[in-house]
Amino acid sequence: MAGRHKGNTKEFRELNFAEQAKSITAMINNLEAAIEHHVGHSPRRLETIGKCLAQVDRLRQRLRNSYYQQGAQAGSGEAVAGVEEVPRLHVGSPRLAEPERAADFTMEVAEESRDAGLR
Amino acid sequence: MPAYDDERFAPAAPVARVSLRHPDSGKSIADVPMLIDSGADATLLPKSAVASLGIIGTGERYELMAFDGTTNESEAVHAVLVFLNKTFRGRFLQVESAVGVIGRNVLNRVRLLLDGPALNWGELPPTSEDA
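Residue numbers (numbering that gives the first Met the number 0), protein chains in the order written: chain A, 0 to 118; chain B, 0 to 130.
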């Protein structure tokens with residue numbers, strides 16, 4: 000793993016288990032601070048937030064898939080502790096489970112005076 | 000005509016950049032990306048955009064079902080969406096994504112051309128029946 004740890008004296012692999020845990024926490028905190036700084040300086044804040052969250056989601060997904068595969072290979076058939084199932088973040092073509100409530104979403108439509116829609 | 004979004008979607012998908020408005024304060028936010036999704040029953044706004052406008056949920060919860068049968072719950076909000084020079088005022092759901100979804104409750108009020116081969120989309124002119 001790139002970078003040195005423990006006062007720049009050790010590689011990550013040379014740390015003991017507790018030191019590795021602390022190092023991972025520090026790296027996650029650094030990542031969070033970096034994303035906040037990046038978002039704070041973004042000219043397109045929402046888009047940057049979306050991209051950063053998507054990167055973190057993909058990281059989680061890769062780790063989750065990796066640990067589920069390891070669980071399957073071990074034949075446990077059980078979820079890995081601490082690796083919870085999370086709802087999908089991207090819901091494509093969502094349908095109302097109770098279609099009779101569709102009328103709740105009827106829109107009041109009016110013409111907008113200025114061009115604010117087609118971009 | 001706006002181009003399809005080929006950065007977030009593969010294959011590229013029609014995404015509109017809309018404005019959202021707080022229904023009471025009038026505070027607004029522009030350039031919110033929304034997937035044009037004729038398979039969606041309702042319209043879902045990105046939670047981050049809703050939060051940035053200070054819109055509070057109504058407390059009503061709706062269960063949404065994805066194409067594969069998985070379900071999610073979403074709390075409704077009242078908001079105003081500005082799309083194709085029209086304001087759509089009413090109840091919206093929320094999604095944990097930077098890209099929202101424009102569903103048929105809005106799409107059925109406009110005339111769109113999805114030009115797949117050209118990877119762009121646009122509004123069709125009104126017909127005599129619209130007048």
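Note that beta-carbon positions come from the ideal geometry of N, C-alpha and C, so glycine has one too.
(request) Starting from the beta carbon of K85 of chain B, find every residue of chain A whose beta carbon is closer than 8 Å, and list them in chain order. (result) V108, A109, E110, E111 and G116
(request) Run down chain B in chain order and give the residues with a C-beta less than 7 Å from the C-beta of S92 of chain A. (result) D36, G38, A39 and F66
(request) Determine the extent of the beta strand (DSSP E) in which V108 of chain A is found, giving its start and end residues. (result) E107 to E110
(request) With DSSP as the reference, please indicate the residues paired to S99 of chain B in a beta bridge. (result) Note that residue 99 of chain B corresponds to Gly in the displayed sequence, not to Ser. DSSP lists B:M33 as partners of G99 of chain B.
(message) Can you look up F8 of chain B in the DSSP assignment and give me helix, strand or coil?
(response) coil
(request) Identify the continuous alpha helix (DSSP H) that holds T42 of chain B and give its terminal residues. (result) From DSSP, T42 of chain B is part of no alpha helix (DSSP H); its letter is neither H nor E.
(request) Go ahead and pull the three-state DSSP assignment for A33 of chain A. (result) helix
(request) With DSSP collapsed to three states, give me the class of F91 of chain B. (result) strand
(message) Does the contact criterion of 3 or more C-beta pairs under 8 Å hold for the region 42–58 of chain B versus the region 115–130 of chain B?
(response) no
(message) Between T24 of chain A and chain B, is the shortest Cβ-Cβ distance under 8 Å, so that the two count as touching?
(response) no
(message) Can you find the residues in the same chain that come closer than 7 Å, C-beta to C-beta, to V17 of chain B, ignoring five residues on each side of it along the sequence?
(response) V31, M33, L80, V81 and F82
(request) Take the Cβ of I23 of chain A as the centre, count every other Cβ of all protein chains shown within 10 Å, and call the residue buried at 16 or more, exposed below. (result) exposed
(message) I'd like the list of long-range same chain contacts for S37 of chain B, defined as Cβ closer than 7 Å, with 5 residues on each side in sequence excluded.
(response) R103 and L106
(message) Classify P13 of chain B: buried if its beta carbon has 16 or more other beta carbons within 10 angstroms, exposed otherwise.
(response) buried
(request) Report all residues from its chain with a CB closer than 6 Å to the CB of L112 of chain B; omit the five preceding and five following residues, and keep chain order. (result) G121 and L123
(message) Can you check whether the C-beta of G89 of chain B is within less than 8 Å of a C-beta belonging to chain A?
(response) yes
(message) Just verifying my parser: in three-state terms, what is the DSSP assignment at D23 of chain B?
(response) coil
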